[in-house]
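Student: First the structure, then my questions, so here it is.
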Amino acid sequence: MNITELREYLCTQYPDLCPLFSIEFGDGVLTVPSDRLGEAMCSLKDLGFDFLGMLTAVDYGDEFELVYRLRAREMHLGLFLKTRVPREAPHIRSVTALWPSANWHEREVFDLFGIVFDGHPDLRRILLPDDWVGHPLRKDYEDPNIIRRPDYL
Amino acid sequence: MSFVWGLLWGLATVLLIAGGAVIGVWWERKVSARIQMRLGPQQIGPAGSLQMIADVPKLLFKEDVVPAGADRRVFMYAPLLVFAPIAMAIAVIPFWAGWAPLDSAVGVLFFLAVPSIGVLGILLSAWSSHNTLSTLGGVRAAAQMVSYEVPRSLAVLSVVVLAGSMRPTEVMGAWQWWWVPLTLLGFVVYFVASIAEMNRGPFDIPEAESELVAGYFADYSGMRWAFFMMAEYGAMIAASLFGAALFLGGFVWLPGLAGLAVYIGLAALGYRDWRRSMAAEALA
Amino acid sequence: MEEGCAEVAGIDDVARALERTSGGGVILTSLDAIQDWARGYSLWMMPMGTACCAIELIAASFSRFDFDRHGSIPRPDPRHTDVMIVAGTICTRMAPAVKRLWDQMPDPKWCIAMGNCAVSGGIFYYDTYSVVRGVDQFLPVDVYITGCPPRPESLQDGILRLREKVRAESASPSRTREIEGVLPLPSDAPRGEAGESE
Amino acid sequence: MSVPSDIDREAMVVPADCLEAAESLREVGAQDGRLTPEGDEDHLVVNIGPSHPSTHGVCRIVVELDGEIVVRAEPVIGHLHRGIEKMAENRTYMQVMPLTDRLDYVGSMYANWAYCRAVERLTGIRVPERAEYIRVIVCELQRIASHMMSIGSTGADTGAFTAFMYAFVQREKVVDLFEAVCGARLTYNYVRPGGVAADLPEGWEEKCRAFIEQHPTAMVELDRLLFGNVIARARLKDIGVLDPATAVAWGATGPVARGSGVDWDLRRDDAYSVYPRFDFDVPLGERGDCYDRARVRLWECVQSCRIIGQALDQLAECEPGVIKADGLPRLLAPRPGDAYDHIESARGSLGVYLVSDGSVRPYRMKVRSPAFANLALLPMLARGHTLSDLVVVLGSLDPVFGEVDR
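Protein chains in written order, with the numbering used here: chain A, 1 to 153; chain B, 1001 to 1284; chain C, 2001 to 2198; chain D, 3001 to 3406.
Below, the structure is given as structure tokens:
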């Protein structure tokens, strides 16, 4: 299965989600609403994406965007899967059951962004001490300890 | 009279161990440095040989830390309990023909039995310093030392059976050259077992830096820690002298000293070839 | 450490008594001299390596830039060491551990802050929420070594500088000896009044 | 490990072996590092670290011991968390460069390269060929230096401390080469977006060739010194066995995965830069224990020498002097959008994900750290071993805590 077959499969499977494809870098990008994430993840794992390389979040002001990077190792395919989560009560389904590598990555995203992953076996802070207040990587995070870098530009 | 004599000999033993420790520490640091392509101490004395002259006063003036949770009195006297048996054991070693400081009929048994009191000292020091890692180290050390005493005693037994007596001076006196092939295996077993007894070399799991920070003497500082080092080097000297006296017999009139002479000769040889290699490096 | 101070105070009375006797001062200074010389030449170090400077600390104690030449062996156990070399960034989560190790070290102890992160937070000074900006916020630092990471040679120069500083120590802590090599810290009184600090 | 097809998709029933993995994690869960030893109480809870001679940096392992056997081990990390990703949001693209050096400080060269590739993919800069070759040479040298550090610490953990010293000799030679190229011993800041900071000084190629000539023989000698030593081998064999399926499931990459036979190397399978022009093979382990992981690292160094040799030959053909893409603005302000790129570092697939909002500062920078993913294996690998083997297993996962904690 190569990149074009993956594109047809995704376009037929999720016609309304308009998966984007950049042939030059050989990666696909699939933006999925958060409620259909579980189903998309299951079918992709079924397809042969057996490696979850990266899982991170980006703070876009009113909502967070979660970025998953999946890889099908035999087929040399890479796929980005993005979903948006509201800022007030950021909840998303945990994929640790499908890829255990997500365990620590989800704990880190919870630690630095505050996004709660339902069904995660052991959701605790991983990098910061447990009594830390706030989630540092949010854009609106202020901390008296931070000294802003003066702007020399 | 025998009390004064005993006192005198006690002093001599401590000086012997101290001298051995000075040479031992320098020799160990230089040889391990040489193996690891380093230079080792070189700023005090010729080729750094007097480095201990700087280390010992520093340890003397160090603060004597007793951990809060520790059982104070046991903690303070445990190192003594480790060092004293080694010093006592040296009293039995025959130094020259027919004479040993403590010439007793069961000298060999005395030499093998007394150092095992050191195991108690190690367990006490490990337990009293109220530190989980050092307790683990202490238990490991005790297990290793107790288990290696049996082969060591059997190895020495082979010589005693040949000599027909337990008195070290007689064993050394009755030494024949054809004993060597017979007791060769015994000597090897004795050598390996005494290394394990001293927790040195390949048997240093109890104080391996990689997991237990420093084994049973983790919480000792300054002079108290130096007692453990002296005990270790003392055990080395005692084991090698006793081994030389029994198994090799050496020159009939000075086996013990022969062992010591070989020891110092090795040090001198090592020093000479080290100087030559330094000169060679300088030329290259 | 109350009983510790008692012993130390004891030495102070001995020092005062010695000074009062005619030749006593000579004995005391010579005792100080021996003690300082011995401490200077056998500074056993506690490698408190956390980040990149730890790699340079390892390189400094290995074959090419041998630390053993100065008589200083890296000892992992705080109880056997004299100088703690803090090498690398100290984060707020790591600071209590460093302080605890510092307290476990027996008394005549010194501290070397190796690398910009240990000196002042270095490259991680701005925009961080979890870095302690400089180890001297919770440790009494004796020698600062700059560099990111400092070269092994400058680290060993730091050890030799510490030897100079050790010469100012004395058996009785209340008495310090003036040595000319020490640069006055900005917080020190101006040179003029240094006399009565004796 | 594919999902059985007849399961009810919506309920997302978990396949059996994933359950077992998830189950094992709930058991390891500890509140703030303090293990609550349920089960019999005579377990001993011991803290190893955070400053410990063998934890390769600042990692506290809370170990529940039954006698000497590890019942549970929980690595507590974050002691070196400096918030590099937060700092990157207030720095321009070029000012972020020195931060990447401090991520994987044992291998700063390829940490720079990973960041530069992400920036180049974001801005579409074309890197001249000579710069690509120099990058490959310098990063393969850095892989050798990083592996020397890892193999040396494996030796130190198993008691063969002299092997650490002999491995460091090779590392010092590589560091000398780097010092000639960019002046620094550890934090180089040499690979820049668009190329490299400076051209190779003349005579550098000969020194580099001299190094790769003597390196394979030094590796054979180190192999005999460390892995020939019966004690070290006995302490490494069958310790921390990792099967390939778990390795992939847990996201392990690099020598940790290849030690278990997972045939995955980004330089060949997801070839980037000029790697397709070199032929080299990827050493694999069979049993996936600490011994195989260390041996894989050792023989990867020899393969790196082969790559450097071919790169040096092909470097001669490209036109000299062109080491930076021309027309680079002083302040990069890439188009809004995001880009992810990864390279094969000494620890695995090191990736950088950059999001740009059109300004001169990255909106978000995420570093996918291979050591972070590999360290997650520790609780599973260390269970059932003795305390001293726990330290050996940690050493074989080769974590560098600048990169784990970021």
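No residue lacks a Cβ here, since even glycine has one placed at the ideal position from N, Cα and C.
(1) Does the CB of Gly3057(D) have a neighbour CB from chain C at under 9 angstroms?
(2) Within its chain, find whatever has a CB closer than 7 angstroms to the CB of Ile3421(D); leave out the 5 residues flanking it on each side and keep chain order.
(3) For Glu65(A), which residues does DSSP report across the bridge?
(4) Along the chain, where does the beta strand (DSSP E) containing Asn3047(D) start, and where does it finish?
(5) Just grab the DSSP bridge partners of Lys3366(D) for me.
(6) Residues of the stretch 46-76 of chain A in Cβ contact with chain D at a cutoff of 8 angstroms, in chain order, please.
(7) Using the rule of at least 16 other Cβ atoms within 10 Å of the residue's Cβ for burial, across every protein chain shown, is Asn2(A) buried or exposed?
(8) Taking the Cβ atom as the reference point for each residue, do Thr2092(C) and Gly3057(D) lie within a distance shorter than 9 angstroms?
(9) Does any CB atom of chain C fall closer than 9 angstroms to the CB of Ile147(A)?
(10) Using a C-beta to C-beta distance shorter than 7 angstroms, which residues of chain A count as neighbours of Asp2077(C)?
(11) Give me the Cα-Cα distance between Gly3402(D) and Asp3104(D), rounded to the nearest whole angstrom.
(12) Flag this pair as touching only if the stretch 119-135 of chain A and the stretch 74-86 of chain A have three or more C-beta atom pairs under 8 angstroms; answer yes or no.
(13) What residue ranges within the stretch 1099-1147 of chain B form continuous alpha helix (DSSP H) runs of no fewer than 4 residues, ordered along the chain?
(14) Using DSSP bridges, identify the partner residues of Asp3341(D).
(15) Just grab the DSSP bridge partners of Asp3066(D) for me.
(16) Over the uninterrupted alpha helix (DSSP H) stretch that includes Thr3217(D), give me the two end residues.
(17) My output table needs one value for His91(A): the three-state DSSP class, helix, strand or coil.
(18) If you draw a straight line from the C-alpha of Gly2010(C) to the C-alpha of His3385(D), how long is it?
(19) Could you name the residues of chain C that Asp155(A) contacts, counting a contact when the two beta carbons are closer than 7 angstroms?
(20) Please classify Tyr3190(D) as buried or exposed, where buried requires at least 16 other C-beta atoms within 10 Å of its C-beta.
(21) Which same chain residues, not among the five before or five after Gly1069(B), have their C-beta less than 6 angstroms away from its C-beta?
(22) Going along chain B in order, which residues have a C-beta closer than 8 angstroms to the C-beta of Ile3165(D)?
(23) In the DSSP assignment, find the unbroken alpha helix (DSSP H) run with Pro1020(B) in it and report its ends.
(24) So, does the CB of Leu3099(D) fall closer than 9 angstroms to a CB anywhere in chain C?
(25) With 9 angstroms as the threshold, decide whether the Cβ of Arg2093(C) is near any Cβ in chain A.
(26) Starting from Ser3051(D), follow its DSSP beta bridges and name the residues at the other end.
(27) Does DSSP classify Ile2145(C) as helix, strand or coil?
(28) Given a cut-off of 9 angstroms, decide if Arg87(A) and Gly61(A) are closer than it, judged by their beta-carbon atoms.
(29) Check the Cβ of Thr2128(C) against every Cβ in chain D and list those closer than 9 angstroms, keeping chain order.
(30) How is Val3196(D) classed by DSSP in three states: helix, strand or coil?
(31) I need the DSSP call for Phe49(A), collapsed to helix, strand or coil.
(32) In chain order, what residues of the same chain lie with their CB nearer than 6 angstroms to the CB of Tyr3275(D), ignoring the 5 residues before and after it?
(33) Around the C-beta of Asn3229(D), are 16 or more other C-beta atoms found within 10 angstroms, so that it is buried, or is it exposed?
(34) Please classify Trp1005(B) as buried or exposed, where buried requires at least 16 neighbouring CB atoms within 10 angstroms.
(35) Do you know whose CA, among Leu1162(B), Val1188(B), Leu1112(B), Val1066(B), lies nearest Ala1174(B)'s CA?
(36) Does any residue of chain G have a CB that is nearer than 9 angstroms to the CB of Leu128(A)?
Tutor: Taking the structure as given:
(1) One-based indexing of the fourth sequence puts residue 3057(D) at position 57. Gly3057(D) counts as touching chain C.
(2) Lying outside 3001 to 3406, the shown extent of chain D, residue 3421(D) is not represented and no answer is given.
(3) Counting from one through the first sequence, the residue named residue 65(A) turns up at place 65. BP columns for Glu65(A) point to Val58(A), Arg84(A).
(4) Numbered from its first residue, the fourth sequence carries residue 3047(D) at position 47. Taken as a continuous stretch (DSSP letters only), the beta strand (DSSP E) holding Asn3047(D) covers 3044-3048.
(5) Taking the first residue of the fourth sequence as position 1, residue 3366(D) is located at position 366. According to DSSP, Lys3366(D) bridges with Tyr3353(D).
(6) Within the stretch 46-76 of chain A, the qualifying residues are Asp46, Gly48, Asp50, Phe51, Leu52, Gly53, Met54, Thr56, Val58, Asp59, Val67, Arg69, Arg73, His76.
(7) For this step, residue 2(A) is matched to residue 2 along the first sequence. The residue in question, Asn2(A), is exposed, as its Cβ has fewer than 16 Cβ neighbours within 10 Å.
(8) Position 92 of the third sequence, counted from the start, is the residue given in the question as residue 2092(C). Position 57 of the fourth sequence, counted from the start, is the residue given in the question as residue 3057(D). Their beta carbons are not under 9 angstroms apart, which means Thr2092(C) does not touch Gly3057(D) by this criterion.
(9) Here residue 147(A) refers to the residue found at position 147 of the first sequence. Answer yes: the Cβ-Cβ gap between Ile147(A) and chain C drops below 9 angstroms somewhere.
(10) Numbered from 1 along the third sequence, position 77 holds the residue referred to as residue 2077(C). Going along chain A, no residue has its Cβ under 7 angstroms from Asp2077(C), so there is no contact; the nearest lies around 26 angstroms.
(11) By one-based count along the fourth sequence, residue 3402(D) stands at place 402. By one-based count along the fourth sequence, residue 3104(D) stands at place 104. Going from the Cα of Gly3402(D) to the Cα of Asp3104(D) covers about 6 angstroms.
(12) no
(13) Fully enclosed alpha helix (DSSP H) runs of no fewer than 4 residues occupy 1107-1113, 1117-1128 of the stretch 1099-1147 of chain B, in order along the chain.
(14) To locate residue 3341(D), count along the fourth sequence from 1; it is residue 341. According to DSSP, which records beta bridges pairwise, Asp3341(D) is partnered with Val3352(D).
(15) Here residue 3066(D) corresponds to residue number 66 of the fourth sequence, with the count starting at 1. DSSP, once it has assigned bridges, lists Ile3069(D) as partnering Asp3066(D).
(16) As a position in the fourth sequence, residue 3217(D) is number 217, starting the count at 1. Unbroken alpha helix (DSSP H) run through Thr3217(D): 3204-3222.
(17) Looking up residue 91(A) in the first sequence gives position 91. Strand at His91(A).
(18) Numbered from its first residue, the third sequence carries residue 2010(C) at position 10. Numbered from its first residue, the fourth sequence carries residue 3385(D) at position 385. Answer to the nearest angstrom: the Cα atoms are 52 angstroms apart.
(19) Coverage of chain A is limited to positions 1 through 153, which leaves residue 155(A) absent and any answer about it impossible.
(20) For this step, residue 3190(D) is matched to residue 190 along the fourth sequence. Buried, since its Cβ has 16 or more Cβ neighbours within 10 Å.
(21) Here residue 1069(B) refers to the residue found at position 69 when the second sequence is read from its first residue. Answer for Gly1069(B): His1130, listed in chain order.
(22) Working through the fourth sequence from its first residue, we reach residue 3165(D) at position 165. The question names Ile, but residue 3165(D) is Met in the sequence shown. Neighbours of Met3165(D) on chain B, chain order: Gln1036, Met1037, Arg1038.
(23) Start at 1 with the first residue of the second sequence, and residue 1020(B) comes out as number 20. Going by the sequence as given, residue 1020(B) is Gly instead of Pro. 1002-1035 is the extent of the alpha helix (DSSP H) around Gly1020(B).
(24) As a first step, residue 3099(D) must be located in the fourth sequence, where it is residue number 99. Yes - at least one Cβ of chain C is within 9 angstroms of the one on Leu3099(D).
(25) To locate residue 2093(C), count along the third sequence from 1; it is residue 93. Arg2093(C) counts as touching chain A.
(26) Position 51 of the fourth sequence, counted from the start, is the residue given in the question as residue 3051(D). Partner(s): Val3058(D).
(27) Here residue 2145(C) refers to the residue found at position 145 when the third sequence is read from its first residue. If DSSP states are grouped into helix, strand and coil, Ile2145(C) belongs with the strands.
(28) Residue numbering aside, residue 61(A) sits at position 61 when the first sequence is read from its first letter. Residue numbering aside, residue 87(A) sits at position 87 when the first sequence is read from its first letter. Between Gly61(A) and Arg87(A), the C-beta gap is smaller than 9 angstroms, which places the two residues in contact.
(29) Here residue 2128(C) refers to the residue found at position 128 when the third sequence is read from its first residue. Under the 9 angstroms cutoff, chain D gives Arg3082, Gly3083, Ile3084, Lys3086, Met3087.
(30) Counting from 1 along the fourth sequence, the entry for residue 3196(D) is found at position 196. If DSSP states are grouped into helix, strand and coil, Val3196(D) belongs with the strands.
(31) Walking along the first sequence from the start, residue 49(A) turns up at place 49. Phe49(A): coil per DSSP, three-state reduction.
(32) In the fourth sequence, counting from the first residue as 1, residue 3275(D) sits at position 275. Closer than 6 angstroms at Cβ, skipping near neighbours: Arg3267.
(33) Here the question's residue 3229(D) lines up with position 229 in the fourth sequence. Classification for Asn3229(D): buried.
(34) Within the second sequence, the letter at position 5 stands for residue 1005(B). That one is exposed.
(35) The residue labelled residue 1174(B) in the question sits at position 174 within the second sequence. That would be Leu1162(B), whose Cα lies nearest to the Cα of Ala1174(B).
(36) The structure shown contains no chain G; the protein chains it does contain are A, B, C and D.
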